[in-house]
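Offset between the sequence shown (1-based) and this note's numbering: plus 365. Just so you know, even glycine gets a beta-carbon here, dropped at the ideal spot from N, CA and C.
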Amino acid sequence: DQGGQIFTARALRGLDGAGLQPAIAAIRARIGQRPVYLTLDIDCLDPAFAPGTGTPEPGGMTSSQVLTVLEELADLNWVGMDCVEVAPAYDHAELTSNAAATFVWTYLSGQVAKRKGA
């Protein structure tokens with residue numbers, strides 16, 4: 366009954382930094398200060414950035430786009446986050462594991478900075 370809002374990778378293709386601001390503003394307006402939990406499915410990324418997943422999505426988001434979203438929304442009322450679908454056996458170069466670890470680290474860093482008032 367709350368509905369949903371979808372931003373497809375196609376709609377976000379080629380956008381970074383300031384180009385992502387309309388989507389970020391829409392997310393911020395929709396969530397407000399309500400508690401929010403993020404499940405980040407690693408297969409939202411293009412396989413160039415995360416080949417180690419069971420369902421690769423050619424044309425998916427870039428690592429930079431995901432980092433921008435995490436950084437820009439760090440001040441929301443987060444209650445938690447997880448990162449799923451990382452399959453190291455499918456990724457000989459560990460790109461996927463590194464991306465997942467960086468995303469979780471970025472989320473946690475944002476939460477620490479928010480608590481310190483930075």
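Here's a check: name, in chain order, each residue in its chain whose Cβ is nearer than 6 Å to the Cβ of residue i, leaving out the five neighbours to either side.
{"i": "T420", "result": "D408"}
{"i": "D456", "result": "P416 and G417"}
{"i": "A465", "result": "I407, C448 and V451"}
Could you please give me the residues that DSSP links to residue i through a beta bridge?
{"i": "D447", "result": "T404"}
{"i": "L410", "result": "M426"}
Could you tell me the boundaries of the alpha helix (DSSP H) in which residue i lies?
{"i": "E422", "result": "Neither: E422 is in no alpha helix (DSSP H) and is coded neither H nor E."}
{"i": "I389", "result": "Q386 to I396"}
{"i": "R375", "result": "A374 to L377"}
{"i": "Y472", "result": "L460 to K481"}
Who are the Cβ neighbours of residue i in its own chain at under 8 Å, not counting the five residues just before and after it?
{"i": "G424", "result": "A374, R375, R378 and D411"}
{"i": "Q430", "result": "L377, L380, D381 and L385"}
Between which residues of its own chain and residue i is the CB-CB distance below 7 Å, once the five residues before and five after are set aside?
{"i": "N442", "result": "Q398, R399, P400 and V401"}
{"i": "I389", "result": "V434, E437 and L438"}
Tell me whether the region 434-443 and the region 386-406 touch, counting them as touching only if at least three CB pairs, one residue from each stretch, are closer than 8 Å. yes
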